[in-house]
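Reviewing the structure listed below.
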Amino acid sequence: MSERPALLEVRGLDVRFGAVHAVNDVSFTLPAGPYGLGLVGESGSGKTTTGRAVMRLAPIGNGSILVDGRDVTRLRGAELKRSRRLVQIVFQDPDATLDPRMRVGSAIGEAMLAHRLAPKRQIGERVGLLLENVGLEPEHARRFPHQLSGGQRQRVAFARALAVEPRMLVLDEPTSALDVTVQARILRLIAGLRRERRLAYLLISHNLAVVEELCEEAAVMYLGRIVERGPTSALLSNPSHPYTAALRSAVPHIGVRTHARPLVPGPPPNAAEPPSGCAFHPRCPLAIDRCRSEVPAVRPIATGRVVACHRAEEVLAGG
Amino acid sequence: MIDPTIDRTVGEAGAPVLVAGRFRRNKLMTVGAALALLIVVVAVLSPFIVRSAPEAAHPTQTLMAPSGAHWFGTDQLGRDVFSRVVAGARVSPVVALLVLFLACTVGIPLGVAAGYFGGRIDEIIMRITDIFLAFPALLLALAIAAVLPPTIGSVTFAVSVTWWPWYTRLIRGQAASVSGRPYVEGARAAGVSHTRILLRHVLPNSLTPLIVQVSLDVSAVILTVSALSFLGLGAQDPTPEWGLMVSQGQEYFQTQWWLVTFPGIAILLTAVAFNLLGDGLRDVLDPRRTVVH
Amino acid sequence: MIPGQPRLEIRELTVAFGARVVSDISHLAIAPGEIVGLAGESGSGKSMTATAILGLGRTAGASVSGSVALNGRELIGLPERELRHVRGRQIAMIFQSPVGSFNPVFKVGDVFERALRLHGASKRAAREQAASALEEVLLSPNLLDRFPHQLSGGQAQRVAIALALALRSEVLLADEPTSALDVTVQAEILDLLRSVRKESNMSVLFISHDLAVIAELCDRIAVMQRGKIVETGLARRVLTEPSDPYTRELVASVPRLGTGMVAG
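Encoded structure:
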């Protein structure tokens, strides 16, 4: 792992929506860029809520979120506004991500105006540059969202996020709603931006292959908890948690299948009525009595890797 | 790939359907605008169009049927109905528009704030709104108008007070839905101020259902005002208020139909005009009408 | 039925909205028990093709011409009366949003009952067939008493497949049936489709934008672009050695596991 200072540090994050414990004691660190940390999981895993909590778009219970060393969880007013510049978000749905009544250029310039980053007359020029950065033309600034394709709209979303010159981005399933050829182009855009701006990002995705392409490190989430975290390639080639193994095996492949398939039977868990002990135990092929009663703690298992499983060593050895 | 000039949400079948809708609505809006213009012209030029003083009573010429001398006949006090209808163009539509304007001025900001901020603010605003809505509108307007001097101004105020809660409730749902959308969340996350978000994002995207509702309400307001006038709480005789004319003419309806019919048609035309205008306005405000260069 | 005859055969099928042609298929055949994948991005016309096969093109506002033959019997132009017997019974369809395609006011059991009785079964027989169909898809017959919103996405999709089984459908049109499901649930549904094909010899037309899923499940694949089929063949061959440039672009765009980081 790197010794660079942490850009984002999440400690013991807890988010509840009524009876549902959406994010449960989640901790991870994101160093300064270029760096990508992927949050992987299926529906109900809490990955999206975690990303939104980092943006202060979700109600935070316990825990702290430190951006550049400062806890942003309880900030208000002008301080909160200043901290907003550091982290920006790109959403999943290109249709709802832009105000249909606003020209694209105005949307991009809006945040710049809010933070007084440039005098009004210069904003147009800056917006043009940003559009070029994301692979569009400056003249696109005059268009309305419905005059652009889905992929173009997503590019505008990136331009808007980059307008305030953030240190890091939260990317919430940025390509899931796009056609596969468009998806590939947006992934290339992310890789390019990462290179040019030394960007750090939290990439939330259910797609393991996308995470592998763009993230040095990955954290797998299940029912609000992190079950495994570590360097992406190590994690995916040698999982230490049964869920990671199952997830990897369930991914369909073009061409030769590389892994045998341990199926995870039964429906996904109900967040309102979580299982006792380890939340994965009803579907886990390795579950023992201890798993039913005791929630496994997150502990180190190898260099730079942590896992929350009572039988992690066996999983790792099994390969 | 996808044709960017076509609204994606309409779907593949949208292309021919969308074009037809736009064309049809443009024709209707033109009709609405023409009617509204007619009413405005009549109102402005009314002193020159009337054939006799609208308030002058002629006891010897009461209840005369429409004829060459009196195009719309005369009423129970011998006044020329045509002149009264024309003069009423300066009263009834103005009152209706004023009522709706006041209702919007109060109702929209409250509704938008409730929808956007949610939580306690939403609760407080909606509780107040519910209290107003708990009273039957007419009774509430009556109660208010009763304590005020009987003028057209009082009745305008009274009806506005009973009208705004509906708009608050209507726009609150829209505002809440818009406030949850990614572009609003993104603006918040970017540090844009609440004021700017409300004015530039939430308000414009919440207005559409309200525009239609307001345009439909024009006739309802005229009739509500007329009910109050009829009860003596608003416009008083001899003010040529259309609703009042309808109310007063009702007892003669079986035989002297012209007392009710002509002011009634005036109300109808006003309602239709604003209804069509409302539809057209909603279209005009839709950014999807912009054509790609 | 003539041996060797495809179960479903499409010839010169054109689906258009006025002058705009959204689907233009010169030939596509599905053999009994075969799973054919129809791949394409949005706007490729794959969903409208399925709609046209079911005879619902006109309902969607499109004009349909050409031939769709089920076991040799022409479907295009059949009167609505007869098409209703074909739809659901001989050709079943499942959709991307299974919970959304069930009427929320009817229990699962009621849906089965109505469908089966429509095609001739008695009330009691319908109930029994429904229970055994659910068991075939590894669901408990208790689910017959549930409402659609009380089912998970995966369960709802299984119920939809069970319905096709109960009706002894010969062809299943599946329009993005796993796109809205978690990947672990998706894997189960794909397994289910494979076993269903084996047990009942059902033919499946699997429509999807996800090439990897098609690679896993389908015997043959047809790739659509802007309404036309640009390449067909054995799924394995087409997806590992595509000959058409668009297919190549599609395949190259799919992110692969095991290829490591792209960014510098």
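Protein chains in written order, with our numbering: chain A, 646 to 964; chain B, 1313 to 1605; chain C, -7 to 256. Just so you know, even glycine gets a beta-carbon here, dropped at the ideal spot from N, CA and C. Only a predicted model underlies this, so the values are computations on that prediction, with no experimental measurement involved.
Next item on the list: Rank B:G1544, B:V1514, B:L1349 by C-alpha distance to the C-alpha of B:G1492 and give the top, closest one.
Entry: B:V1514
Check: By how many angstroms is the C-alpha of B:V1343 removed from the C-alpha of B:F1335?
Finding: Only weak support is given to the placement of B:F1335: the predicted model assigns it a pLDDT of 48, under 50, and the value that follows is read from those uncertain coordinates. C-alpha separation (whole angstroms): 13 angstroms.
Next item on the list: Rank B:A1426, B:L1375, B:L1589 by C-alpha distance to the C-alpha of B:Q1486 and give the top, closest one.
Entry: B:A1426
Check: What span of residues does the beta strand (DSSP E) with C:K220 cover, start to end?
Finding: 220 to 226
Margin query: Runs of 3 residues minimum, wholly inside the segment 39 to 71 of chain C: which ones carry the beta strand (DSSP E) assignment?
Written below: 55 to 62
Margin query: Give me the residue from A:R833, A:L880, A:R842 with the minimum Cα distance to A:L814.
Written below: A:R842
Item checked: Burial state of A:H886, where buried means 16 or more other Cβ atoms lie within 10 Å -> buried
Notebook entry, point to check: Along chain A, which residues have their Cβ under 8 angstroms away from the Cβ of B:R1493?
Noted result: A741
Margin query: Less than 7 angstroms separating the Cβ of B:P1550 from some heavy atom of the ligand MG?
Written below: For the ligand MG, the structure offers nothing, since it holds no ligand at all.
Item checked: Residues in the segment 722 to 748 of chain A having any Cβ partner in chain B nearer than 9 angstroms -> L725, K726, R727, S728, R729, R730, V732, Q733, I734, V735, F736, Q737, D738, D740, A741, T742, L743, D744, P745, R746, M747, R748
Notebook entry, point to check: Applying a beta-carbon distance threshold of less than 7 angstroms, which residues of chain A neighbour C:E33?
Noted result: D824, V825, T826
Notebook entry, point to check: A:M813 versus chain D: which residues are under 7 angstroms apart at the beta carbon?
Noted result: Protein chains in the displayed structure are A, B and C, and chain D is not among them.
Margin query: Contact criterion: CB-CB distance below 8 angstroms. Does B:G1400 meet it with respect to chain A?
Written below: no
Check: By the criterion of Cβ-Cβ separation under 7 angstroms, what are the contact partners of A:P760 in chain B?
Finding: The identity of residue 760 of chain A in the sequence shown is His, whereas the question assumes Pro. What A:H760 touches in chain B: G1503.
Notebook entry, point to check: Per DSSP, what kind of secondary structure is A:D817 in: helix, strand or coil?
Noted result: strand
Next item on the list: Closer than 8 angstroms, Cβ to Cβ, to anything on chain A: give me those residues from the segment 168 to 190 of chain C, in chain order.
Entry: D174, V175, T176, V177, Q178, A179, E180, L182, D183
Next item on the list: Pull out every residue of the segment 187 to 220 of chain C whose Cβ sits closer than 9 angstroms to any Cβ of chain A, in chain order.
Entry: H201, D202, L203, A204, V205, I206, A207, E208, L209
Check: For B:L1556, which residues from the same chain have a beta carbon less than 7 angstroms from its beta carbon, with the 5 sequence-adjacent residues on both sides left out?
Finding: S1538, S1541, F1542, A1547
Next item on the list: Could you check which residue in A:V732, A:A723, A:A703 has the C-alpha nearest to that of A:L711?
Entry: A:V732
Checklist line | Where B:F1335 falls: helix, strand or coil (DSSP) | finding: The predicted position of B:F1335 is uncertain, since its pLDDT is 48 and thus under 50; no value can be drawn from it.
Margin query: In chain order, what are the residue ranges of uninterrupted alpha helix (DSSP H) at least 4 long that sit wholly in the segment 926 to 954 of chain A?
Written below: 934 to 938
Next item on the list: Tell me the start and end of each unbroken alpha helix (DSSP H) in the segment 766 to 845 of chain A that is at least 4 residues and wholly inside, in chain order.
Entry: 795 to 807, 825 to 842
Check: Can you give, in chain order, each stretch of the alpha helix (DSSP H) that sits fully within the segment 1472 to 1525 of chain B and has at least 4 residues?
Finding: 1494 to 1501, 1506 to 1509, 1515 to 1518
Item checked: Cβ-based contacts, 9 angstroms cut-off: residues of the segment 83 to 112 of chain C near chain A -> none
Check: Count the other CB atoms within 10 Å of the CB of C:R150; is the residue buried (16 or more) or exposed (fewer)?
Finding: buried
Next item on the list: Output yes if chain B places a C-beta closer than 8 angstroms to the C-beta of A:A698; else output no.
Entry: no
Check: Shorter than 8 angstroms from the beta carbon of A:R805 to some beta carbon of chain B?
Finding: yes
Next item on the list: Count the other CB atoms, across all protein chains shown, that sit within 10 Å of the CB of B:D1529; report buried if there are 16 or more and exposed otherwise.
Entry: buried
Note to self: Looking at chain B, is there any beta carbon in it that lies within less than 8 angstroms of the beta carbon of A:V772?
What the structure shows: no
Notebook entry, point to check: Over what stretch of residues does the alpha helix (DSSP H) that includes C:Q149 continue unbroken?
Noted result: 145 to 158
Check: Does DSSP put A:A916 in a helix, a strand or coil?
Finding: coil
Item checked: Range of the contiguous beta strand (DSSP E) that encloses C:Q217 -> 212 to 217
Next item on the list: Pull up the distance between the alpha-carbon of C:Q(-3) and that of C:V28, whole angstroms please.
Entry: 16 angstroms
Notebook entry, point to check: For C:M253, which of A:A836, A:V960, A:R950 has the nearest alpha-carbon?
Noted result: A:A836
Check: Between which two residues does the alpha helix (DSSP H) carrying C:L126 extend?
Finding: 115 to 128
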